[in-house]
Structure formats: structure tokens, C-alpha cells
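Below: the structure, in C-alpha cells.
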Amino acid sequence: MDSTVIYALLLTLFAGLATGVGSLVAFFTSRTNTKFLSFALGFSAGVMIYVSLVEIFVKAKDSLTASLGDTKGYAFTVLGFFGGMLLIALIDRLIPKGENPHEVKKVEALQQEPTAAEFAKLKKMGVFTALAIAIHNFPEGIATFMSAIESPQLGLAIAIAVAIHNIPEGIAVAVPIYYATGDRKKAFKLSFLSGLSEPVGAVAAYLILMPFLTDTMFGIIFAGVAGIMVFISLDELLPAAREYDETHTSIYGVVVGMMVMAASLVLLA
284 MDSTVIYALL
294 LTLFAGLATG
304 VGSLVAFFTS
314 RTNTKFLSFA
324 LGFSAGVMIY
334 VSLVEIFVKA
344 KDSLTASLGD
354 TKGYAFTVLG
364 FFGGMLLIAL
374 IDRLIPKGEN
384 PHEVKKVEAL
394 QQEPTAAEFA
404 KLKKMGVFTA
414 LAIAIHNFPE
424 GIATFMSAIE
434 SPQLGLAIAI
444 AVAIHNIPEG
454 IAVAVPIYYA
464 TGDRKKAFKL
474 SFLSGLSEPV
484 GAVAAYLILM
494 PFLTDTMFGI
504 IFAGVAGIMV
514 FISLDELLPA
524 AREYDETHTS
534 IYGVVVGMMV
544 MAASLVLLA
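In our numbering, the protein residues as written are 284 to 552.
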């Protein structure tokens with residue numbers, strides 16, 4: 284296993300374990316910093332959208348047109364892009380509505396006293412939220428890993444963006460579990476474990492996809508990665524950012540995220 288693969292796996296592990304950070308935020312702060320979370324989620328969306336459309340989609344198209352010709356290569360790039368969107372949309376549809384990890388949870392919920400009837404329901408909600416996040420994060424792990432294989436700098440940017448958006452997901456697991464059981468360790472463990480599906484996705488990409496990685500396969504996968512990241516940004520990050528705080532705060536985050544990503548691509552060119 285070469286150093287690039289190890290680096291890509293470590294980046295994916297870093298991104299996935301940010302769900303554990305979310306649970307720590309829930310336990311050690313008395314109030315949710317909604318303005319910061321709104322800006323951070325917007326920033327993450329800006330990074331993902333910009334890098335997907337400006338860098339990843341273009342690299343996928345270049346790879347596919349080089350191996351298949353201009354017309355066919357561009358057509359496969361578009362199919363791969365929307366195929367990635369369809370994949371993550373199907374995963375979202377399979378997650379039960381009541382346990383959808385996109386639902387905003389706040390730290391303040393830990394200070395509320397649940398009724399007796401709520402305990403079992405909240406515990407079940409937390410467990411299913413952890414499972415939903417684990418399923419949902421699997422393709423994100425593939426996306427982060429494949430991006431890092433292509434470019435270490437690109438992989439780092441995507442890993443940071445994914446890590447930022449995993450923090451509220453960790454809160455979404457920790458809040459109902461701790462609220463129902465009063466057990467910080469159990470809430471942290473479930474939150475932590477839900478993020479491990481990202482490095483599992485990376486290992487699956489390494490074992491299953493890497494041995495067959497021709498230019499055509501790489502282009503289709505990379506186009507799919509771009510579609511997955513744009514869908515996540517539009518379907519999860521921006522709605523969550525607006526729920527946490529004012530619309531303008533999230534949009535400022537989007538613009539700053541795009542600017543930072545653009546500057547890094549220029550400097551690393």
C-alpha cells in the first residue's frame with residue numbers, strides 16, 4: 284500500500300470521526316452557536332459546490348474524452364454526474380423520514396426533561412439516526428478517498444468540508460441518545476461509530492474499485508463524486524445552515540468557501 288493510499292484513507296478517517304466531535308460539542312457547551320454552525324455549513328457547501336463543478340467535473344470530462352472521444356466522453360461525464368446524484372438521492376429515500384440525519388438538533392435539547400413516554404422513542408430515534416448517518420456517509424467516504432487519490436490537496440479540501448458537515452450529524456445522534464438514557468459514553472460511542480462508515484467506504488473503494496481503475500472507470504467515478512457532492516450541498520448543507528441561523532449568514536459562508544477553494548486551486552496550480 285503506497286503513501287498516497289494511506290494518506291487518502293487517513294483523510295477519510297479524519298472526516299468520518301468528526302461525528303464524534305459533534306457529540307462532544309453537545310456535551311460540553313450549554314448553547315448551540317447557531318451563527319457559527321450556519322456559516323460553517325455554508326462554507327462547507329461552497330467548497331463542495333465549487334470544487335465539484337470547477338475541478339472534479341472537469342477532471343472527469345478530461346479523462347473520459349481522452350479515452351472515449353469528445354462527444355461520447357462528455358456524454359458519459361454528464362451521465363456519471365447525474366448518476367452520482369441519483370445514487371445519493373436513493374440512499375436518502377431509503378432513510379426513514381423520522382430518523383433522517385438532516386433534521387437539525389440543538390445542544391439546548393439536553394437541558395430539557397423528557398416525559399416518561401418520550402424515553403423509548405428518543406432512544407430508538409438516536410439509534411436509527413446513527414444507522415441512517417452510517418448508511419449515508421458510506422458514499423461520502425468513497426468520494427473523499429477517490430478525490431485524495433487524484434490529488435492530495437483536493438482530497439484535503441473535501442475532507443475538511445465533509446468533516447464540517449459531519450459535526451451537526453454527530454449532534455443529531457448524541458442529543459436523543461443522551462436525552463433518553465443520560466449516558467454520555469453511550470451517546471458518544473454511537474455518534475463516533477456512525478462516522479466510521481466513511482473510512483469503511485474508503486476501504487471498499489480501495490479493494491473493489493482501485494484494481495479496475497482505467498481512465499474510463501476513473502472518469503465515471505469522478506463524475507459521480509461531483510454529483511454526490513453537489514447533491515449533498517443543495518439537499519443537506521444549505522437547508523441545515525438556514526435552519527441554524529439567518530439565510531445571509533449561510534450565503535456568506537458559501538461565498539467565502541468558494542473563494543477559499545478558488546484561491547487554493549490557483550496557488551496549487
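Where a beta carbon is used, it is the ideal one built from N, C-alpha and C, also for glycine.
Nearest to residue i (by Cα), restricted to the options the options
{"i": "Lys344", "options": "Glu519, Leu520, Met541, Thr499", "result": "Thr499"}
{"i": "Ser533", "options": "Thr302, Asp285, Phe310, Phe326", "result": "Phe326"}
{"i": "Ala509", "options": "Leu293, Val483, Gly366", "result": "Gly366"}
{"i": "Pro422", "options": "Ile443, Val486, Tyr462", "result": "Val486"}
{"i": "Leu300", "options": "Thr464, Leu521, Gly507, Pro482", "result": "Pro482"}
{"i": "Ile371", "options": "Pro522, Met512, Ile450", "result": "Met512"}
{"i": "Leu521", "options": "Ile332, Thr302, Gly352", "result": "Ile332"}
{"i": "Phe364", "options": "Ala298, Ile339, Ile425, Thr348", "result": "Ile339"}
{"i": "Lys444", "options": "Met368, Val334, Ala291", "result": "Per the sequence shown, the amino acid found at residue 444 is Ala instead of Lys. When only C-alpha atoms are compared, the closest one is Val334."}
{"i": "Ala298", "options": "Gly465, Ser430, Gly424, Ala523", "result": "Gly424"}
{"i": "Glu467", "options": "Val308, Ala291, Leu294, Thr295", "result": "For the sequence presented, residue 467 should be read as Arg rather than Glu. Selected option, being the one with the closest Cα: Val308."}
{"i": "Glu519", "options": "Leu351, Ile416, Ser350", "result": "Ile416"}
{"i": "Ile292", "options": "His531, Glu433, Val361, Val337", "result": "For the sequence presented, residue 292 should be read as Leu rather than Ile. Of His531, Glu433, Val361, Val337, the residue nearest in Cα terms is Glu433."}
{"i": "His531", "options": "Thr360, Ser321, Leu296, Gly438", "result": "Ser321"}
Neighbour-count burial assignment, residue i, 16 or more Cβ in a 10 Å radius
{"i": "Ile289", "result": "exposed"}
{"i": "Lys342", "result": "buried"}
{"i": "Thr553", "result": "No statement about residue 553 is possible, as the shown extent of the chain runs from 284 to 552 and does not include it."}
{"i": "Phe501", "result": "buried"}
{"i": "Thr354", "result": "exposed"}
{"i": "Val549", "result": "exposed"}
{"i": "Phe319", "result": "exposed"}
{"i": "Glu382", "result": "Since pLDDT at Glu382 reaches only 49, below the 50 mark, its modelled position is unreliable, and no value is offered."}
{"i": "Ile441", "result": "buried"}
{"i": "Pro459", "result": "buried"}
{"i": "Ser286", "result": "exposed"}
{"i": "Leu490", "result": "exposed"}
{"i": "Ala470", "result": "buried"}
{"i": "Gly484", "result": "buried"}
{"i": "Gly352", "result": "exposed"}
Proximal residues to residue i (C-beta, below 8 Å), its chain only, five neighbours per side dropped
{"i": "Ile418", "result": "Ile374, Leu377, Ile378, Ser480"}
{"i": "Val410", "result": "Ile460, Leu473"}
{"i": "Ser547", "result": "Gln436, Ala440"}
{"i": "Gly305", "result": "Asn449, Ile450, Pro451, Glu452, Gly453, Ile454, Ala455, Val456, Ala457, Ser474"}
Where the alpha helix (DSSP H) containing residue i begins and where it ends
{"i": "Pro482", "result": "480–487"}
{"i": "Ser335", "result": "No alpha helix (DSSP H) holds Ser335; DSSP gives it neither H nor E."}
{"i": "Leu369", "result": "353–377"}
{"i": "Thr287", "result": "286–299"}
{"i": "Asp498", "result": "498–515"}
6 Å Cβ shell around residue i - same chain, five flanking residues per side excluded
{"i": "Ile447", "result": "Ala323, Ser327"}
{"i": "Asn420", "result": "Ser480, Glu481"}
{"i": "Gly329", "result": "Val537, Gly540, Met541"}
{"i": "Val543", "result": "none"}
{"i": "Ser516", "result": "Ala328, Met331, Ile332"}
{"i": "Gly507", "result": "Gly363, Gly366, Gly367"}
Spatial neighbours of residue i in its chain, beta-carbon cut-off 7 Å, leaving aside the 5 residues before and after
{"i": "Ile504", "result": "Met429, Leu492"}
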